[in-house]
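S.K.: Could you have a look at this structure, given as structure tokens, before my questions?
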Amino acid sequence: MRAKQTGGANHSIWTMAWVGVGTGVLLGTPVTSAHAEELQALVLEPVTVTARKRAESASDVPISLSVMDGDDLDEAGVETVFDTMKLVPNLSATTSGPARFSTFIIRGGGAVLMDAPDDTSVGVYVDGVPVPRHMADMDLLDVDRVEVMRGPQGTLFGDASSAGAINIVTKAPSDTFEGRVIGDFGNEGRRSGQVSLSGPIIPDRLAMRLSGSVRHEDGTIKDRRFGGDVGEEDAWSVRGQAAITPTDRLSIDVTLDGSRVETDHPNWIWRDAADYPSVDQRVSEWSDQTSLGVGATITYDLDWATATSVTSFRRVTAETIGDNIDLLLDDGLMLAADGGGYVSDFEEETRRVVQELRLTGADDQAIAWQVGANFSAMDFDALFADTTTMMGWATDERRDASVDGQSYGLFGETTVPLGAGFDLTLGARYSYVTKDARTDYTSSMGLAASDSKEDSWSAVTGRASLAYHWTEDVSTYATVARGWKPGGFQRYSANIATSGEIEDAYGETRSWTYELGNKARFLGGRAVLDAAVFYTTAEDEQVNAYDLTTYQLQIKSGDVDSYGFEVEGRVQATENLTLGGGLGYTHATFTQDVPDAGIRDGNRVPNVPLWNANINGVYRYPLTLAGLDGDWTSRVAYSYRSDREGDITNEATLDGYHLVDLSTGLDFDAISVRLYANNVLDEEYAVSGYMNSNGRVAVAPGDGRAFGAVLSYRW
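When we follow the UniProt record's numbering, the leftmost residue of the sequence shown carries the number 1, and every step to the right adds one.
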């Protein structure tokens, strides 16, 4: 029997707060106080963000926020959104194989796996525009920075961000000619490259930026049936941007992008296989996803305010062939017997339109404010074809499914200086969401059924923050925020084959988050330290239960409480050495029994480690080589995640793991060469998992040791 954790949330949260603050102080402590005066000139550059859809210093935003600029991402070897997890406290990610099945979790809030086509608790945005959930784990192409916002962000970002948001800010076209070419060559057949070109076409009126990337990785999972390895992945991304300035008041930014990811990575692997990782499937799995997007942002300066229009359209298509039976993982189950099998061929298409209008007060006004309206429409169409074989007899089933939805929002937020160092921020949003679903079912047994359902939800959400500025460099804030996530429909209906009806809509989720944080810049600007404690209570949190009889996901709901803290710091320790790191703690549990989902009161929320940490050091040594002035740069990084539960039943515990990354290289004005080794210790770990009905644990394995060289040329 599992021993439930005890201790009141209020006591634990303040205990963790003191631990967090103490850790933060250690991160910010200089190497020796004797060097204090000597190092006053070594100042960390202030970070500008758009976390509240206006440019401002990160230290002025009353939100627990992590920011990684393009240089940080390059030095850390971060290529995808999934990779940012090792740099951000209390950010988790899970997948069942291909990147299109990845989902993100912040402070215990987020989907376990993907089944609804559009709903999530952690939204991913590119330049403030939401992307469909299937492509959230995208390659980071020519990125200026990534902003990870913890806590409900629905006031400004909408209903897909009840637990947090990830905003990817791309590099804008430049007013001078510049370019960059990058090549990465590593073990396991790893090859990748990026190119970017930018510059003015018509001075002061038109500038353009073109970017592209390709990536290939060999498979490393042994295929026991057909020989060789599976898990190979090929990806490419392209983006074109135009910055048009017809007048000094009017600007138009147009973006066109496309991407494709192909992989034969299997969904699940038996954790205890003698030759782990390996698979034994009758049909090789395969996934192919393509995305095409176009967007335009128009801004007009009204002197007293800026009017902004954001328009975007995106189309994502995907085909997935999956063998749902692995003879290793599913040994002993009926469909794994001789003459059995269960193969799926899914074709999906998602189309999404977003239109937002905003009015933002001028920067020179004492009261900061913005108001806006948002509309989005999502159409999801799919053909689910399943072939089930028992004792050599095959049955074909076909589901033509669609889920369509429209979302409407009105929002506003203002920050008012109260005097004596206090600022009050108030924001609110009204949301109305309507969705409808339909499935037409046929089978080779002569069965047929059709059913459709619709539903709608609405809510008023918002947040209030009170900040006190102790000095120009130190502030403390307290925030209360209302989170909300609408209900919806599953993309795949298992019920229609037996009852002739699709599943009812699952319900909405509502939450309250209370946060107390502190942001400090000290040691003459050489050190930055942010810390926050939080408590969140969520009612009817949407979770996925894996039905081991139908091999499909079902969306359930259960109440969840989570509390914890995060601390993040950076210090310019010497002229050459920069230290940084973060520490997170999240205690997230269900607070009720949900018998039909296998949830017990006290079960931990899956894929949420109690502890997560990262620390890194970057040393830059100036040198002259062959007449060229440059830097020799070395980086050492360590990240840790404690054990997690793989599923909501808490029957599959995933071990904690430690990752060590190393890199060193030469960086000159135009040329750089870097050698790297990630997961140096070749740690074997799983990023997600669940307990199969035969008692075996299925997992998605993490990346093993990777090493190689990166060459870059810029002008």
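Note that beta-carbon positions come from the ideal geometry of N, C-alpha and C, so glycine has one too.
Considering only the alpha carbon of each residue, which of V126, V148, L335 lies closest to V343?
M.R.: Closest by alpha carbon: L335.
S.K.: Do the segment 262 to 271 and the segment 91 to 100 touch if we need at least three Cβ pairs shorter than 8 Å?
M.R.: At 8 Å Cβ cutoff, the stretches touch.
S.K.: Taking the straight line between their C-alpha atoms, what separation do you get for A207 and D596?
M.R.: Using only the alpha carbons, I get a separation of about 57 Å.
S.K.: Check for me: the alpha helix (DSSP H) holding L73 runs from which residue to which?
M.R.: Per DSSP, L73 belongs to the alpha helix (DSSP H) from 70 to 76.
S.K.: Could you pull the start and end residues of the alpha helix (DSSP H) that L156 belongs to?
M.R.: Element bounds for L156: 154 to 157.
S.K.: Less than 7 Å between C-beta atoms, sequence neighbours within five positions excluded: which residues of the same chain meet that for L42?
M.R.: If we look at L42 and ignore the five residues flanking it on each side, its Cβ neighbours are R526, Q572, E575.
S.K.: Just the Cα atoms here: how many angstroms apart are V605 and T306?
M.R.: Using only the alpha carbons, I get a separation of about 43 Å.
S.K.: Given a threshold of 16 other Cβ atoms within 10 Å of its Cβ, counted over all protein chains shown, does Y621 qualify as buried or as exposed?
M.R.: Answer is exposed; the Cβ neighbour count stays below 16.
S.K.: What residue range is occupied by the uninterrupted beta strand (DSSP E) comprising I252?
M.R.: Segment 250 to 263, the beta strand (DSSP E) holding I252.
S.K.: Taking just the CA atoms, how far does A318 sit from S162?
M.R.: Roughly 27 Å between the two C-alpha positions.
S.K.: Taking the alpha helix (DSSP H) that A497 belongs to, which residues open and close that run?
M.R.: 496 to 499 is the extent of the alpha helix (DSSP H) around A497.
S.K.: Between G109 and S92, how many whole angstroms is the CB-CB distance? I'm expecting something under 8 Å.
M.R.: Actually they do not touch by this definition, with Cβ atoms about 10 Å apart.
S.K.: Among residues of its own chain, excluding the 5 on either side of K519, which ones have a beta-carbon nearer than 6 Å to its beta-carbon?
M.R.: Taken in chain order, the residues that qualify are S59, S475, D530.
S.K.: Measuring CA to CA, which of H216, S196, G219, D218 is closest to R209?
M.R.: The shortest Cα separation from R209 among H216, S196, G219, D218 belongs to S196.
S.K.: Sorted by chain position, which residues of the same chain lie with C-beta nearer than 8 Å to L447's C-beta, five sequence neighbours on each side aside?
M.R.: Here the set comprises Y441, A497.
S.K.: Whose C-beta lies closer than 8 Å to the C-beta of Y125 among residues of the same chain, with five residues either side of it excluded?
M.R.: Excluding residues within five positions, the ones whose Cβ falls inside 8 Å are V131, F157, A165, I166, N167, I168.
S.K.: Per DSSP, what kind of secondary structure is R600 in: helix, strand or coil?
M.R.: Coil at R600, not helix or strand.
S.K.: Between which two residues does the beta strand (DSSP E) holding Y676 run?
M.R.: From DSSP, the beta strand (DSSP E) with Y676 extends over 671 to 678.
S.K.: Span of the beta strand (DSSP E) holding N650?
M.R.: Where N650 is concerned, there is no enclosing beta strand (DSSP E), given that its DSSP letter is neither H nor E.
S.K.: Compare the C-alpha of T103 against each of V129, L73, M135, T537 and name the closest.
M.R.: Among V129, L73, M135, T537, the Cα nearest to that of T103 is on M135.
S.K.: Measuring straight from C-alpha to C-alpha, what distance separates N374 and L357?
M.R.: Answer to the nearest angstrom: the Cα atoms are 7 Å apart.
S.K.: By Cβ distance, which residues of its chain are closer than 6 Å to T320, with the 5 residues on each side in sequence left out?
M.R.: Same-chain partners within the cutoff: S287, F346.
S.K.: Applying the criterion that 16 or more other CB atoms from any shown protein chain within 10 Å of the CB defines a buried residue, is R249 buried or exposed?
M.R.: R249 comes out exposed.
S.K.: Taking the beta strand (DSSP E) that Y638 falls in, what are its first and last residues?
M.R.: Run containing Y638: 628 to 641, per the beta strand (DSSP E) assignment.
S.K.: Please report the distance separating the alpha-carbon of T471 from that of R521.
M.R.: Near 10 Å, if we compare the C-alpha coordinates of R521 and T471.
S.K.: Go ahead and pull the three-state DSSP assignment for T84.
M.R.: In the structure shown, T84 sits in a helix (DSSP, three-state: H, G or I).
S.K.: Could you give the DSSP three-state label for S96: helix, strand or coil?
M.R.: Reduced to three states, the DSSP call for S96 is coil.
S.K.: Do the segment 611 to 625 and the segment 578 to 585 make contact, defined as three or more Cβ pairs closer than 8 Å?
M.R.: With a cut-off of 8 Å, the segment 578 to 585 and the segment 611 to 625 count as touching, because enough Cβ pairs lie within range.
S.K.: By Cβ distance below 6 Å, which residues in the same chain neighbour L711 in space, the five residues on each side in sequence not counted?
M.R.: Same-chain partners within the cutoff: G183, V673.
S.K.: Output the distance between the C-alpha atoms of G24 and D223, rounded to the nearest integer angstrom.
M.R.: Its pLDDT being 40, under 50, G24 is placed unreliably in this model, and the value from its coordinates should be taken loosely. Each residue's Cα considered, the two are about 47 Å apart.
S.K.: Under a three-way DSSP split, which group does M378 fall into?
M.R.: If DSSP states are grouped into helix, strand and coil, M378 belongs with the strands.
S.K.: Can you grab the Cα-Cα spacing for the pair F313 / V354, in whole Å?
M.R.: Straight-line Cα distance between these residues: approximately 7 Å.
S.K.: Does the beta-carbon of W713 have 16 or more other beta-carbons within 10 angstroms, so that it is buried, or is it exposed?
M.R.: For clarity, residue 713 is Tyr in the given sequence; the question names Trp instead. Exposed, because fewer than 16 other Cβ atoms sit within 10 Å of the Cβ of Y713.
S.K.: Helix, strand or coil, according to DSSP, for M149 in the structure here?
M.R.: Three-state result, M149: strand.
S.K.: Would you say L141 and S192 are within 7 Å of each other, going by their C-beta atoms?
M.R.: No; because the gap between Cβ atoms is not below 7 Å, this pair is not in contact.
S.K.: Within 10 angstroms of the Cβ of A243, are there 16 or more other Cβ atoms? Answer buried if so, exposed if not.
M.R.: Buried: at least 16 other Cβ atoms inside 10 Å.
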